[in-house]
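Notes for the one structure printed next.
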Amino acid sequence: MRFAYVNGRFCRHGDAAIHVEDRGFQFADAVYEVWSVRNGQLMDADGHFGRLARSLGELRIPEPRCRPALEHIIRELLRRNRVRDGLVYLQVSRGQARRDHAFPKKPITPTIVLTCKRLDFAAADARAATGIAVITVPDERWARCDIKTVNLLPNVLAKQMAVEAGAVEAWQVDADGFITEGSSTNAWIVTKAGTLLTRQADHGILHGITRARIIECAQRLGLDVVERAFTPEDALDAREAFLTSATSFVTPVVSIDNNVIANGEPGSLTSALREAYLGEA
Ligand code: PDD
C-alpha cells in the first residue's frame with residue numbers, strides 16, 4: 001500500500017486529499033521541493049531544505065515544520081512506502097481560505113503534503129549512456145522562475161511539446177534569444193574551447209541544487225565554468241551539452257531541434273561530471 005502525508009497525518013495515498021478552497025489548488029499559491037533518494041538517503045538534503053526556506057520566504061508563507069520535524073516525516077514516509085531509490089515530493093501552500101486573491105486577513109495554517117515514489121535509476125543510467133534529444137520553445141513563464149512554485153503550466157506545455165516531438169526535454173528561449181533552462185532541468189553546454197556554460201542564477205531560472213553541485217564538481221575537476229547565458233546556436237556549435245536536475249542528475253543532450261551536437265554521442269566531460277556527482281552522492 002502507498003502512503004502520503006497530509007497536514008499532520010499519514011494516510012493511504014488513494015485517500016489523500018486537500019480542501020477545494022486550498023490556495024495552492026486555486027491560485028498556485030504554493031511552493032514545492034523534490035529530493036532524490038538513493039540507498040535510503042536524501043541527496044543534497046541541505047541544498048533542497050535551504051531552497052524550500054527561501055521559496056517560502058519569498059511568498060511570505062510561514063514554515064509549516066522545522067527541518068528536523070520534516071526530516072522525521074520524510075524518513076517515516078520512505079519507511080512506510082519501502083522506498084530506497086526514488087524521490088520525495090513536498091508541497092506547501094499558503095493554506096485554505098474563502099476564495100479571494102489577496103492573502104487572507106487572519107493568519108491561516110499552511111497546507112503541507114508529502115509523497116514519495118520509486119524511481120528506476122537503471123533506466124536513467126541507460127538514458128545517460130545514449131543521450132537525449134531536446135527541442136527549443138519560447139519561454140512563456142513569469143519573471144520569478146527562481147522561486148520553486150507550483151505555477152508550472154508553461155513548463156507542462158513545454159514538456160508536452162517535447163514529448164510530442166519525440167524529445168525528452170524542452171529548452172526555453174527568452175525574448176533576447178537566450179536559453180533559460182529546461183521545463184524541469186537546468187541547461188548546460190561545453191564550448192569548443194572546453195568551457196562549461198550555464199545561465200547565471202538570476203530570476204529567469206530555478207537555482208538548481210544539482211546545478212550548484214555540478215559547478216563545484218567541475219571546479220574540483222579543474223574545469224573552467226562560466227555562468228552566462230547561451231543561445232541555441234551556441235548549443236549547436238558546442239562540443240557537448242547536458243542537463244541537470246535532482247532526478248536526472250547529469251544527462252547528456254545529443255541533439256537540439258533534430259540537429260545533432262558534435263558527433264551525436266554523450267561527451268566525455270559530461271560523463272565525467274555524472275560519475276563525479278554520483279560518486280560523491
Ligand atoms: N525539477 N529547472 C526547473 C524549472 C526545475 O523544475 C528543476 C527541478 C530544475 C533542476 O533543479 P534541481 O537540480 O534542484 O532539481 C531546474 C524537479 C526535479 C521537478 O519539478 O520535478
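No gaps in the numbering here: position 238 of the sequence shown is 238 in UniProt numbering, and each next residue is one more. The beta carbon of each residue, even a glycine, is placed where N, CA and C say it ideally should be. It should be emphasised that the depicted structure is a prediction, and the values quoted were computed from it without experimental measurement.
Any non-hydrogen atom of the ligand PDD closer than 8 angstroms to residue i Cβ
{"i": "T210", "result": "yes"}
{"i": "S183", "result": "yes"}
{"i": "K148", "result": "yes"}
{"i": "Y32", "result": "yes"}
{"i": "T247", "result": "yes"}
{"i": "L152", "result": "yes"}
{"i": "H203", "result": "no"}
{"i": "C145", "result": "yes"}
{"i": "N258", "result": "no"}
{"i": "G86", "result": "no"}
{"i": "R54", "result": "no"}
{"i": "R51", "result": "yes"}
{"i": "T111", "result": "no"}
{"i": "T136", "result": "no"}
{"i": "N186", "result": "yes"}
{"i": "T244", "result": "yes"}
Beta-carbon spacing of residue i, residue j below 9 angstroms
{"i": "T130", "j": "V254", "result": "yes"}
{"i": "T210", "j": "N186", "result": "yes"}
{"i": "S93", "j": "D29", "result": "yes"}
{"i": "A128", "j": "S271", "result": "yes"}
{"i": "Q91", "j": "V156", "result": "no"}
{"i": "V113", "j": "A4", "result": "yes"}
{"i": "T198", "j": "D224", "result": "no"}
{"i": "A241", "j": "V134", "result": "yes"}
{"i": "I61", "j": "P110", "result": "yes"}
{"i": "V34", "j": "H48", "result": "yes"}
{"i": "A122", "j": "E21", "result": "no"}
{"i": "P232", "j": "V168", "result": "no"}
{"i": "D44", "j": "A246", "result": "yes"}
In DSSP terms, what residue i is bridged to
{"i": "A133", "result": "S255"}
{"i": "T115", "result": "Y89"}
{"i": "R12", "result": "F3"}
{"i": "Y277", "result": "Beta-bridge pairing links Y277 to no other residue."}
{"i": "T244", "result": "N186, V250"}
{"i": "E33", "result": "L90"}
{"i": "P138", "result": "V173"}
{"i": "D22", "result": "Q96"}
{"i": "V83", "result": "Per DSSP, none; premise fails for V83."}
{"i": "R65", "result": "Paired residue(s): none; R65 is not in a bridge."}
{"i": "L42", "result": "V37"}
Neighbour flag for residue i against chain C, beta carbons, 9 angstroms
{"i": "A123", "result": "Absent from the structure is chain C; it holds one protein chain and no more."}
ask   = Counting only runs that start and end within the stretch 150 to 231, where is the alpha helix (DSSP H) found for 4 or more residues in a row?
value = 153 to 164, 209 to 220
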